[in-house]
Amino acid sequence: MLQTGGSVRGLRGLGRELTAALLIVACLAAGCRQVRETTGLSVVPKELRDVPAERLAFRFEPDVSEESLPERLRKDEPEEPLAAIKTAFETGRTTDALIRTVVDPSGQRALALYGTSQTSGSNTDFRIDLYSTDGQFLRNVLPQDLTGVFPTEVAWSPDGQRILFSGVRNPALQASPTPTEPEPLPPDLSPTPGAGEPTPQPTPSVAPIIPSVQTFSTEQVYTGDRDGFNLRPLTSREGLIYFKLAWSPAGGQVAALACKEAEWESRRGQGLLPAGRPRLISLEGQERLLDDRLTDVAPAWSPDGSKLATTFDYDIAIYDAAGGHPTGGGLSLQEPLRAASVEYDARVFKKTGPPSKAAQSNAQANAQAAAAQTPAVLISLNPFVRLEWAEPETIYAQTAFVRFYRTEPLPTFKYTRWHALHLSPQAAVLSRNHKPTPALHARVT
Numbered sequence: 084m085l086q087t088g089g090s091v092r093g094l095r096g097l098g099r100e101l102t103a104a105l106l107i108v109a110c111l112a113a114g115c116r117q118v119r120e121t122t123g124l125s126v127v128p129k130e131l132r133d134v135p136a137e138r139l140a141f142r143f144e145p146d147v148s149e150e151s152l153p154e155r156l157r158k159d160e161p162e163e164p165l166a167a168i169k170t171a172f173e174t175g176r177t178t179d180a181l182i183r184t185v186v187d188p189s190g191q192r193a194l195a196l197y198g199t200s201q202t203s204g205s206n207t208d209f210r211i212d213l214y215s216t217d218g219q220f221l222r223n224v225l226p227q228d229l230t231g232v233f234p235t236e237v238a239w240s241p242d243g244q245r246i247l248f249s250g251v252r253n254p255a256l257q258a259s260p261t262p263t264e265p266e267p268l269p270p271d272l273s274p275t276p277g278a279g280e281p282t283p284q285p286t287p288s289v290a291p292i293i294p295s296v297q298t299f300s301t302e303q304v305y306t307g308d309r310d311g312f313n314l315r316p317l318t319s320r321e322g323l324i325y326f327k328l329a330w331s332p333a334g335g336q337v338a339a340l341a342c343k344e345a346e347w348e349s350r351r352g353q354g355l356l357p358a359g360r361p362r363l364i365s366l367e368g369q370e371r372l373l374d375d376r377l378t379d380v381a382p383a384w385s386p387d388g389s390k391l392a393t394t395f396d397y398d399i400a401i402y403d404a405a406g407g408h409p410t411g412g413g414l415s416l417q418e419p420l421r422a423a424s425v426e427y428d429a430r431v432f433k434k435t436g437p438p439s440k441a442a443q444s445n446a447q448a449n450a451q452a453a454a455a456q457t458p459a460v461l462i463s464l465n466p467f468v469r470l471e472w473a474e475p476e477t478i479y480a481q482t483a484f485v486r487f488y489r490t491e492p493l494p495t496f497k498y499t500r501w502h503a504l505h506l507s508p509q510a511a512v513l514s515r516n517h518k519p520t521p522a523l524h525a526r527v528t
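Just so we're aligned: the sequence shown equals residues 84 to 528 in our numbering.
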């Protein structure tokens, strides 16, 4: 009995000690929380998708070497049509001009974009047929009253289940005037077969009749399924021209630029590239304007699809793609680009021989001061012309001088340079005495 009582007293003592220890831990936790709230410290998020665009930290790296670029940016070669489909056109469709082939993610099917006598002989208007990648024709995709435009933007969804393109009402199909009198039948034909005569049969077709779809006088966004059926417009805003289309990585949204027809014609008359306002379009046709400024650069999706980037001359903007009212962050890079261009011009355009390491070091050290003191024209200082969000935390941005010739379908780019924008998550709340890495300037759109 004495031993039992001693054991009970021992357990009670141990319980009191555990209770005291738990109270101490709770007090320490509360104290740490109070210190964190008082000093303003916060934990840095692990992924960029968890950080609003306006709170991203950045580091700008000008003039990235070619060796540091992703392979697909180093080998920016013009694509060639699939050999099997090209052969099919050369041997069996000599009156049609193959423009481009777009292979689906599975590598089994391809869209063939081609010009006909009804597409004005240009490389911007086209028809679309579905082929297997071994060159076998499957079916026509477009009805006769719809013409595809902007061939470089035709794309399969990432999962290969849908196609995407811009289309416009076929200008070649004009309403014929109503005849005042029925035309006489040729003498060797009769309106109805005689008794015992077989009824004439229609000529067999290699493709089923394609139902008509709603068309517009200005370029709209269209989508269809992987078999070329269920074609429908995603947008229906007559008077706007949609271009620079880009699927989201998950295939649930489409980024695009759009402008008024008058704005398109005005820039064309000035010899400028088309420019539009960036927007997001859902597969249900819901549309959300991201910015009211014009840009001629295609939007770029982050690899996880949570954000979208575009550029306005020397500025880069990043938007949150999720949410009913997405926010965005703006970043002006004209001064960093100017400083880098001073050093770049001195190194590339004015050198008489290989620069020494000391000369390179001095040029880089004095670039910022020279940029502020020298208002002279810099050959290599040009706006952004292309964005590639190739890695989760790195956006590659290309600057170039663009020359647009009206006689050429594509612009000419000179003095091209690649730069990198390195992004990192930044805590939403920082210490009062801590100077954070520069964050994107807040901009609510």
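Every residue gets a Cβ at the ideal spot worked out from N, C-alpha and C, and that includes glycine.
What is the residue span of the alpha helix (DSSP H) that residue i lies within?
i	result
residue 250	That residue, residue 250, is in no alpha helix (DSSP H); its beta strand (DSSP E) goes 245-252.
residue 169	166-175
Going by DSSP in three states, residue i sits in which element: helix, strand or coil?
i	result
residue 161	coil
residue 471	strand
residue 221	strand
residue 192	strand
residue 420	helix
residue 133	helix
residue 235	helix
residue 303	strand
residue 151	helix
residue 140	strand
residue 500	strand
residue 310	coil
residue 391	strand
residue 229	strand
residue 507	strand
Whose C-alpha, out of the options, is nearest the C-alpha of residue i?
i	options	result
residue 490	217, 171, 143, 351	351
residue 345	338, 353, 339	353
residue 411	176, 391, 417	391
residue 169	158, 182, 157	182
residue 473	467, 498, 505	505
residue 355	152, 197, 468	468
residue 370	386, 405, 358	405
residue 246	188, 400, 418, 461	188
residue 337	322, 323, 318	318
residue 342	334, 153, 331, 320	320
residue 418	466, 173, 385	466
Assign residue i to buried or exposed, taking buried as 16 or more other Cβ atoms, counted over all protein chains shown, within 10 Å of its Cβ.
i	result
residue 250	buried
residue 292	exposed
residue 395	buried
residue 481	buried
residue 423	buried
residue 158	exposed
residue 475	exposed
residue 497	exposed
residue 133	exposed
residue 234	buried
residue 312	exposed
residue 549	Within the shown structure, residues of the chain are numbered from 84 to 528, placing residue 549 beyond reach of any answer.
residue 185	buried
residue 432	exposed
residue 242	exposed
Counting along the chain, where does the beta strand (DSSP E) carrying residue i start and finish?
i	result
residue 213	208-215
residue 182	180-186
residue 481	477-486
residue 318	Note, residue 318: premise wrong, no beta strand (DSSP E); not H, not E.
residue 255	First-last for residue 255: undefined, no H or E at that position.
residue 293	Looking at the DSSP string, residue 293 is not in any beta strand (DSSP E), and its letter there is neither H nor E.
residue 400	398-403
residue 410	410-415
**Request:** Please list the segments of the alpha helix (DSSP H) lying wholly inside the region 326-382, counting only runs of 4 or more residues, in order along the chain.
**Result:** Listed in chain order, the complete alpha helix (DSSP H) runs (minimum 4 residues) inside the region 326-382 are 344-352.
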